[in-house]
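> Residue numbers (the numbering used here): 40 to 578.
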């Protein structure tokens, strides 16, 4: 049963049990009094050539003086005249108000809409500059950089063109000074224009929703609505086992508040792209989610840490770059028995204690088949890759009582596609798998690591482990059969339960599938491709 905590409102949100909707809703403001410091806004305009369409300022991939304007993208209005944003293609700005001066900070780029006051003709350069760029770039008395704008009151006739003007005057080609207005030009881009040039521009404000927390009994926390930092960071996150902030716009949190507590070091947190820096300093295991409708949905921005306590497993797919890495810890006994290992990412190194620890020389077996004699596993070569999502039998060549670290980098983490497998085979589990009743067809490796025994009601499989499904026996145990690697054998292909591996482009879009151990198809274009077990280059 889910426990839902409703803050500031007892109104139940519709559709909580259905599909997750992450769209932000914005409505057009019509009065300067609706502008609030810290609120989120979208800049939009109507093009005279296309009066039935709305164009919004698109997101941008970099800052600096190299780009003089901001591109526009077409967006639909709902029947109430509101816009809904559910992807990363639209620029969202946080407003900073100082008296009658307004500044717009691009949330993803953490940079300001800005301009120079130097001599121009019809258009002035509309720039996107960070705090450092605003202060570092050279400037002269008559040519300085500014991020300050002015909102023209509704009583002004100029509001029919645009409400947003440069606070600083800009020198024109005829040696006069005047304010330039931010306008949509031709449905292509937003520019700073002289007051009689361009199409109309309007400001849309994000609608506030009551803050809610869906808190399941298993520790899965999902946040929705609009939260204030004093409320959001006053919660005891030590009680959570997985945290999802992707449905909200995070407020800036410099530290925990009141009785608030940070999550434990193995709890994974998901936020929107560009908002990881809004979490209190030291927040562990943070993933920024950008594209929920793509195969690779986001990127890890901190070192990711997993262990037996990660009972819920990954919620989204995400890339783990080399500079962050991912580790999974588990205890090892000094008994020499086989252990099951099945992780949601490709392992690059296995070491004692930590990723920088002593490399472990080990043995591995991969599943072959189930016969009437038992479960058959094949001995693997030492240099065969650890594939993401594939379960193995593993043991150190020189066992010791210690902690084992499975380290990966430049890989993709995948969530579990199916909770329970029912066909014969050997499977990995990324989150805790509880056996509700007598397993019947589920078998677990026993403590000695020499055979599989039928799972009893109340038993469970820890995350990062493997389990066997065998529907063809009434016995309570299944023999483990080891097939040794033939002398001189080369190029043995590892099988992954007959499954194909997804392949993505560097843009996160799925390109197709290949067999485990296979190559990029000949007919595909040259370039870099990403699979669950790392990058592949086709030349």
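Backbone N, C-alpha and C fix where the C-beta goes; we use that ideal spot for every residue, glycine too.
1) Since I believe residue 506 is in contact with residue 468 (beta carbons under 8 angstroms), could you give me their beta-carbon distance rounded to a whole number of angstroms?
2) What are the residues that DSSP puts in a beta bridge with residue 220?
3) So which of 481, 552, 470 and 259 has the shortest CA-CA distance to residue 462?
4) Figure out for me which residue from 80, 105, 553 and 72 has the closest Cα to the Cα of residue 66.
5) Do residue 76 and residue 147 count as a contact pair if the criterion is CB distance below 8 angstroms?
6) Given a cut-off of 8 angstroms on the beta-carbon distance, is the pair residue 252 and residue 289 in contact?
7) For the beta strand (DSSP E) containing residue 401, list its first residue and its last residue.
8) Would you give the residue range spanned by the alpha helix (DSSP H) that residue 174 belongs to?
9) Using C-beta distances below 7 angstroms, list every residue in its chain close to residue 269, excluding the 5 sequence neighbours before and after it, in chain order.
10) Can you pull the DSSP bridge partners for residue 580?
11) Taking the beta strand (DSSP E) that residue 78 belongs to, which residues open and close that run?
12) Cα-Cα, which of 313, 365 and 387 is closest to residue 132?
13) Flag this pair as yes or no: are the beta carbons of residue 424 and residue 385 separated by less than 8 angstroms?
14) Jot down the residue ranges of each uninterrupted beta strand (DSSP E) in the region 63-139, minimum 3 residues, whole runs only, in chain order.
15) Which first and last residues belong to the beta strand (DSSP E) in which residue 579 is found?
16) Let me know if residue 497 comes out buried or exposed under the rule of 16 or more other beta-carbons within 10 Å of its beta-carbon.
17) Suppose contacts are defined by Cβ-Cβ distances below 8 angstroms. Is residue 484 in contact with residue 379 by that definition?
18) With distances taken Cα to Cα, identify the nearest neighbour of residue 92 among 121, 331 and 109.
19) Specify, as a first and last residue, the run of the beta strand (DSSP E) that residue 514 falls within.
20) Nearest to residue 584 by CA position, among 218, 229 and 89, is which residue?
21) Which residues in the same chain have their Cβ closer than 7 angstroms to the Cβ of residue 280, if we skip the five residues on either side of it in sequence?
22) Taking the alpha-carbon positions, what's the residue 445 to residue 456 distance?
23) Give the DSSP-derived three-state secondary structure of residue 559 in the structure shown.
24) So, does the CB of residue 253 fall closer than 8 angstroms to a CB anywhere in chain D?
According to the structure shown:
1) Numbered from its first residue, the chain shown carries residue 468 at position 429. Numbered from its first residue, the chain shown carries residue 506 at position 467. Indeed, because the Cβ distance is near 6 angstroms, the residues count as touching under 8 angstroms.
2) Taking the chain shown and counting its residues from 1, the one referred to as residue 220 is at position 181. The partner list for residue 220 (beta bridge, DSSP) reads 204 and 232.
3) For the purposes of this step, residue 462 is taken as residue 423 along the chain shown, with counting starting at 1. Nearest option by C-alpha distance: 481.
4) Mapped onto the chain shown, residue 66 falls at position 27. The option with the nearest alpha carbon to residue 66 is 80.
5) The count along the chain shown starts at 1 and reaches residue 147 at position 108. The count along the chain shown starts at 1 and reaches residue 76 at position 37. Going by C-beta atoms, residue 147 is not nearer than 8 angstroms to residue 76.
6) As a first step, residue 252 is located in the chain shown; it is residue number 213 there, counting from the start. As a first step, residue 289 is located in the chain shown; it is residue number 250 there, counting from the start. No, these two residues do not count as a Cβ contact at 8 angstroms.
7) Within the chain shown, numbered from 1, the residue matching residue 401 stands at position 362. Where residue 401 is concerned, the enclosing beta strand (DSSP E) stretches over 401-410.
8) For the purposes of this step, residue 174 is taken as the residue at position 135 of the chain shown. That run of the alpha helix (DSSP H) goes 170-175.
9) Residue numbering aside, residue 269 sits at position 230 when the chain shown is read from its first letter. Non-local C-beta neighbours of residue 269 in its own chain, meaning closer than 7 angstroms and more than five positions away in sequence, comprise 296, ordered along the chain.
10) With the chain running from 40 to 578 in the structure shown, residue 580 is simply not present.
11) Here residue 78 refers to the residue found at position 39 when the chain shown is read from its first residue. It is not in any beta strand (DSSP E) - residue 78 carries neither H nor E in the DSSP assignment.
12) Within the chain shown, the letter at position 93 stands for residue 132. Taking only the C-alpha atoms, the option nearest residue 132 is 313.
13) The residue you call residue 424 lines up with position 385 of the chain shown. The residue you call residue 385 lines up with position 346 of the chain shown. The Cβ atoms of residue 424 and residue 385 lie closer than 8 angstroms to each other.
14) 63-67, 79-86, 89-96, 109-114, 122-124 and 132-137
15) Absent from the structure is residue 579, since the part of the chain shown begins at 40 and ends at 578.
16) Indexing the chain shown from 1 puts residue 497 at position 458. Classification for residue 497: exposed.
17) As a first step, residue 484 is located in the chain shown; it is residue number 445 there, counting from the start. As a first step, residue 379 is located in the chain shown; it is residue number 340 there, counting from the start. A contact, by the Cβ cut-off of 8 angstroms.
18) Locating residue 92 in the chain shown gives position 53, where the first residue counts as 1. With distances taken between Cα atoms, residue 92 lies closest to 121.
19) Taking the first residue of the chain shown as position 1, residue 514 is located at position 475. Per DSSP, residue 514 lies in no beta strand (DSSP E) and is assigned neither H nor E.
20) Residue 584 is absent from the model: the chain starts at 40 and stops at 578.
21) Counted from its first residue, the chain shown places residue 280 at position 241. Cβ within range, chain order: 257, 258, 259, 306, 350 and 351.
22) Residue numbering aside, residue 445 sits at position 406 when the chain shown is read from its first letter. Residue numbering aside, residue 456 sits at position 417 when the chain shown is read from its first letter. Between residue 445 and residue 456, the C-alpha separation is close to 22 angstroms.
23) Your numbering for residue 559 matches position 520 in the chain shown. DSSP places residue 559 in coil when its eight states are reduced to three.
24) In the structure shown, chain D cannot be found, because there is only a single protein chain.
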